[in-house]
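Accompanying notes for the structure given below.
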């Protein structure tokens, strides 16, 4: 997937390529090992969140974990994004993001799943992934695709490694018309091979 493909040798799962509750904005409490409770709310992203999304992604882009994209790209795709916010002693802050991009009438891709390293291990990434899969269910989609190095994480959430492209020849031909790099990566086209080396193609059946 274009905006969340990880480069070979990249560390940490905090930023992933590509799961299942609903898309409703609702706070949930994660209890930390230290006994501290942090309220995490996942909600639909708004244009006002785009700069925070960009700032979340940039550290991973600079280290080659995520593909670097222009700020305008996030504004154009803001309706695909959800953000995670925490409320703690410092106030409310954005600590995660993720996007669901529809590829065809029955399949979507999870993209740009990134979590602030300060909240690693608090379940923020899981909440984001669950919300995005919930959104896919709400749209009546049957499958969710991801392209990732983090095979075990996605496997724990029901994804399975696949070979090839899980669409028929007619759909494949239609998708070839897309100019989206993520679609090109889904189709495993030669022009995006440098972005996908070492990644696993995974699919969740809903």
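Residue numbers (the working numbering): 247 to 452.
Using N, Cα and C, we set each Cβ at its ideal position, and we do this for glycine too.
- For residue 332, the uninterrupted beta strand (DSSP E) run begins and ends at 327 to 334, by DSSP.
- Nearest neighbour of residue 328 by Cα position, chosen from 301, 350 and 296, turns out to be 296.
- For the set 350, 387, 331 and 374, the Cα lying nearest the Cα of residue 419 is the one of 350.
- Proximity to residue 306 across 385, 414, 343 and 449 peaks at 343, based on C-alpha coordinates.
- DSSP places residue 391 within a strand segment (E or B) once states are collapsed to three.
- According to the DSSP secondary-structure assignment, residue 448 is paired through a beta bridge with 392 and 407.
- Taken atom to atom, the span from the alpha-carbon of residue 331 to that of residue 301 is near 14 Å.
- Within the same chain, and ignoring the five residues on either side of residue 412 in sequence, the residues whose Cβ sits closer than 8 Å to its Cβ are 353, 389, 391 and 449.
- If you draw a straight line from the Cα of residue 451 to the Cα of residue 405, it is about 8 Å long.
- Where residue 357 is concerned, the enclosing beta strand (DSSP E) starts and stops at 353 to 361.
- Here residue 359 really is in contact with residue 374; their C-beta atoms are around 6 Å apart, less than 8 Å.
- The Cβ-Cβ distance between residue 431 and residue 393 falls below 8 Å.
- Selection 299, 310 and 333 evaluated against residue 319 yields 299 as nearest (Cα-Cα).
- The three-state secondary structure of residue 309, taken from DSSP, is coil.
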